[in-house]
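Below is one structure; the comments refer to it alone.
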């Protein structure tokens, strides 16, 4: 094996676990309560919990004493107590007490990694740095999420048994809607052939059909603004409630190399009483239809041939996902270099 091949393999293995220097949604806000919640994201075991004021803490899910999972312990507010021997660790990753002995030299030591965390738009976001001490950047998201006066949204999230890159490829492929989702309530219209083009933006690029817009899933936008996101809109009939086009903002976080968690915010341009009407209509009439569409995506991606990416024959409709793959590969190569230098 040549040195170049080895380097490329190392970059791909790094990318398979997930890019860093990014904020990722890791769970929905409602999932984090008073009980410690253990999760795996980017191959790392993390425990989340709320203190008595409702603030979320995130640290490595490992007791510094003997390695037991802190997520199996007790919430004491600003700290967790390990189930195994009662060792207490706070949200900074510092040992606060070793109740089994007096005057333990472990007290006051910072032995567990702490993660920066924030809540936004119904999700819990965690910062994953390329190096251990990398400070987080600002989290900026598309206006359909951040402009809460103009837009109303609801979050749906699910775990898929595939690498997160396949989930990204799926959304970067507008043409699949015409075929995979042809019997859906929102993607049955329009041509089954199309020419595509890339349009650069400040945060990334748009991949769109050249001769058809506002009919089906006709365009998608990729952006990196402290988090990686994908944005698209689908036209909606008037009988589906107020608010014009149906917007989707999507993100995905790797759990490990074989599993991921997808997050899709369903958005419409509604406010006041119209927002209440739309949310009621969505929950009672449309939500099940949207889950049907996501289920089609999940089934396809989870049943792809082993190492499907290694045996592809791409064509013009795949220009968008090919471009994004190159963007991610380039960033992974740079991050791996920084990570290796910091560890040496």
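Numbering (this note's numbering), first residue to last: 16 to 359.
Every residue, glycine too, gets a C-beta built ideally from N, C-alpha and C.
Everything numeric in this text was worked out from a predicted model, so none of it was measured.
- Under a 10 Å Cβ-count criterion, residue 198 is classified as exposed, with fewer than 16 other Cβ atoms of the shown protein chains found around its own Cβ.
- Across the structure, residue 332 and residue 124 are spaced so that their CA atoms are roughly 54 angstroms apart.
- Apart from sequence neighbours up to five positions away, the residues of its chain that approach residue 260 with a beta-carbon distance below 7 angstroms are 248, 249, 250 and 251, ordered along the chain.
- When Cβ pairs closer than 8 angstroms are counted between the two stretches, the segment 106-118 is seen to touch the segment 67-84, the count reaching three or more.
- Residue 181 sits away from residue 30, with the two beta carbons spaced by 8 angstroms or more.
- In the assembly as shown, residue 242 is a buried residue. Its beta-carbon has 16 or more other beta-carbons within 10 Å.
- For the pair of segments examined, the segment 293-300 was found not to touch the segment 176-194: the number of CB pairs separated by less than 8 angstroms stays below three.
- Annotation: residue 62 to residue 145 spans about 20 angstroms, alpha carbon to alpha carbon.
- In the displayed model, residue 23 falls within a helix according to three-state DSSP.
- Excluding residues up to 5 positions away in sequence, 94, 103 and 105 lie with their Cβ nearer than 6 angstroms to the Cβ of residue 111 in the same chain.
- Taking C-beta separations shorter than 8 angstroms and ignoring five residues to either side along the sequence, the partners of residue 47 in its chain run 63, 64, 65, 71 and 139, following chain order.
- Residue 62: not part of any alpha helix (DSSP H); member of the beta strand (DSSP E) spanning 59-65, first to last residue.
- With a 10 Å radius around the Cβ and a threshold of 16 neighbouring Cβ atoms, residue 192 comes out buried.
- A direct Cα-to-Cα measurement between residue 67 and residue 315 gives close to 43 angstroms.
- The shortest CA-to-CA distance from residue 335 to any of 245, 313 and 267 is the one to 245.
- Residue 40 has 140 as its beta-bridge partners, per DSSP.
- Secondary-structure assignment with DSSP links residue 269 through a beta bridge to 275.
- Looking at the DSSP output, residue 243 shares a beta bridge with 239.
- Closest by C-alpha distance to residue 217, out of 157, 355, 290 and 306, is 157.
- Under a 10 Å Cβ-count criterion, residue 147 is classified as exposed, with fewer than 16 other Cβ atoms of the shown protein chains found around its own Cβ.
- In the three-state reduction of the DSSP assignment, residue 193 falls in the helix class.
- DSSP links residue 168 through a beta bridge to 282.
- DSSP lists 275 as the beta-bridge partner residues of residue 175.
- The beta carbons of residue 60 and residue 176 sit no closer together than 8 angstroms.
- Judged by their CB atoms, residue 53 and residue 76 are nearer to each other than the 8 angstroms cut-off.
- According to the DSSP assignment, residue 292 belongs to the alpha helix (DSSP H) that extends over 287-296.
- According to the DSSP assignment, residue 163 belongs to no alpha helix (DSSP H), since it is labelled neither H nor E.
- Between the alpha carbons of residue 338 and residue 21 lies a gap of roughly 23 angstroms.
- Counting along the chain, the unbroken beta strand (DSSP E) around residue 214 starts and ends at 211-215.
- Distance from the CA of residue 359 to the CA of residue 32, rounded to the nearest whole angstrom, comes to 21 angstroms.
- In the displayed model, residue 46 falls within a helix according to three-state DSSP.
- When secondary structure is reduced to three states using DSSP, residue 345 falls in the helix class.
- Checking the DSSP bridge columns, you'll see residue 129 partnered with 74.
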